[in-house]
Amino acid sequence: MPFLTLTAVFLFIGPVLIIGIATMWSNLKQKISDELSARVTRIVNDLDTKNNTLEIENILPQKSPKLIHVIPTTPLRRRE
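The numbering used here puts the first residue of the sequence shown at 667, with every later residue one more than the last.
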């Protein structure tokens, strides 16, 4: 009888342990994946911001003489 009890205990506890380990492994993989994704997104956004800033700094001096002629220099009157 003790042998059957021991076998029954292992049959019930074994799958529970395996499911617990699999769940912990899955949660760990998801956490690592989320962290990597957040870091990659942050790096891409930083690079994109720096590239846009450089492009704006390069384009603005070329376009500013044209803008000065297009934008009126006289102050606008208020409607009364």
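The beta-carbon is built from N, C-alpha and C at its ideal position, and this holds for glycine as well. Since the model is a prediction, treat every value here as computed from it, not as a measurement.
Span separating the alpha-carbon of residue i from that of residue j
| i | j | result |
| --- | --- | --- |
| R705 | A688 | 26 Å |
| G686 | V675 | 16 Å |
| L683 | L672 | 16 Å |
| Q696 | P668 | 42 Å |
| T707 | L677 | 45 Å |
| T715 | E701 | 21 Å |
| R709 | S703 | Looking at the sequence itself, residue 709 is Ile, so the reference to Arg does not match. Whole-angstrom Cα-Cα distance: 10 Å. |
| G680 | M690 | 16 Å |
| N693 | S699 | 10 Å |
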